[in-house]
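In the numbering used here, the protein residues as written are 143 to 513.
So the structure is just underneath, and the comments pick up after that.
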Ligand SMILES: C[S@@+](CC[C@H](N)C(=O)[O-])C[C@H]1O[C@@H](n2cnc3c(N)ncnc32)[C@H](O)[C@@H]1O
């Protein structure tokens, strides 16, 4: 039921009163995506310096320019290029890629999967110089010969919160206590038990973490959309062995607003971005179950270097001179130096019906390679 006149906090509290408790996953989904009032669906400025956080395309336009080289390599294998980007934010990455493709005379279809009208309007405005199609769901993509790309999409899916107890695995639900949000542990959704069984993970008692079941559904839909081609997923996260280590025994859920961070997800619902780290082992495992090959897993730094970052920097030096080179290299360093976003962010390359790999995953990563 859509309630226009109430605040998001009131809407959630009324729903909890009706149902007595809702899963943390549903709470998070409302906070992020409730029509017109959720974090991503309202009119607030989210991205960039004036927003809440910076993503790679805002750090440097070289992000899209370098990844465009990967799309060109893919075009070489497929003799055709259709890029489908999901979670495109304000369309900044798309603009960077399309500009580079245009400069190099490479033709490509570009589709953005955007479920939210507010973001689609911003993207249309930012991309008016380019030919782009929009669809509201990946299910609208059929027989794709190309590449499905996302940057920081998966971390924005709502997650189940779970805690391992002496009585087995429990799931966090949100209820009300004297009108305030309070967590209660209830029996976990059976799909969560199954999730850990398939990953062969057993959590020690007291361990809390997140389970992103939506990303598995997402991956299956990507598989169904592709006839032949690739899925490039960029996000922060770890393989299971690092994600479920003792030092992450309270999980990885974080909330961001105005470049500040909190781990408390119950402050001003809808005003904070809520994210959790991606389990790349899960993406690989379920991808293989659906028929996707895992062609590589690396850190963003080595992905950009393998994709041609050095060649592009040389091109800038020759065409634009040293001072332009120095300024651009300074911003690129945030994405290619060990210990920076270059190692926090990972890249997973999966494919369907094609085994040729691409330059981005050809270098030895700074991180653990096994998933
Ligand atoms: C952290 S933002 C990513 C921003 C952008 N990629 C960038 O680099 O600036 C995550 C985005 O994913 C979008 N999103 C969430 N679920 C989605 C879905 N099922 N399909 C497409 N986009 C989705 C959100 O609306 C949000 O814009």
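Just so you know, even glycine gets a beta-carbon here, dropped at the ideal spot from N, CA and C.
Keep in mind the model is a prediction, meaning the values are calculated, not measured.
| Item | Value |
| --- | --- |
| Alpha carbon to alpha carbon, how far is residue 232 from residue 217? Give it in angstroms, no decimals. | 25 Å |
| Helix, strand or coil: how does DSSP classify residue 359 here? | helix |
| Return yes when the C-beta of residue 295 is under 7 Å from any heavy atom of ligand 1, and no when it is not. | yes |
| Pick out the complete beta strand (DSSP E) segments inside the region 418–448, 3 residues or longer, and give them in chain order. | 435–441 |
| Out of 184, 424, 160, 166, which has the shortest C-alpha to C-alpha gap to residue 339? | 424 |
| Go to residue 258, then tell me how far its beta strand (DSSP E) extends in each direction, as first and last residue. | Careful: residue 258 lies outside any beta strand (DSSP E) and carries neither H nor E. |
| For residue 476 and residue 377, I'd like the C-alpha separation in whole angstroms. | 15 Å |
| Whether or not the region 353–366 and the region 279–298 are in contact is what I'm after, with contact meaning three or more pairs of Cβ atoms, one per stretch, closer than 8 Å; do they touch? | yes |
| How is the beta strand (DSSP E) around residue 311 delimited, first residue to last? | 310–319 |
| What's the gap between the Cα of residue 461 and the Cα of residue 467? | 9 Å |
| Which residue wins for smallest C-alpha separation from residue 500, given the options 488, 438, 456? | 438 |
| Decide yes or no for the touch test of the region 311–318 against the region 179–190: beta carbon pairs closer than 8 Å, at least 3 of them. | no |
| Using only the heavy atoms of ligand 3, determine whether one of them is closer than 7 Å to the beta carbon of residue 407. | Absence of ligand 3 is noted for the structure shown, with ligand 1 being the only ligands found. |
| Quick check on the DSSP output: the beta strand (DSSP E) that includes residue 378 runs from which residue to which? | 368–380 |
| Near residue 321, what residues of its chain come up, given a Cβ to Cβ distance below 8 Å and the 5 sequence neighbours on each side ignored? | 155 |
| Going by Cα to Cα distance, which pick from 505, 493, 274, 452 is closest to residue 219? | 493 |
| Mind checking whether residue 379 and residue 286 have CB atoms under 8 Å apart? | no |
| Taking the alpha-carbon of residue 255 as reference, which of 226, 417, 342, 353 has the nearest alpha-carbon? | 226 |
| Within its chain, find whatever has a CB closer than 7 Å to the CB of residue 203; leave out the 5 residues flanking it on each side and keep chain order. | 238 |
| Identify, in the order they occur along the chain, each residue of the same chain with its Cβ nearer than 6 Å to the Cβ of residue 205, setting aside the five sequence neighbours on each side. | 198, 199 |
| Label residue 383 either buried or exposed according to how many other C-beta atoms from any shown protein chain fall within 10 Å of its C-beta, with 16 as the threshold for buried. | exposed |
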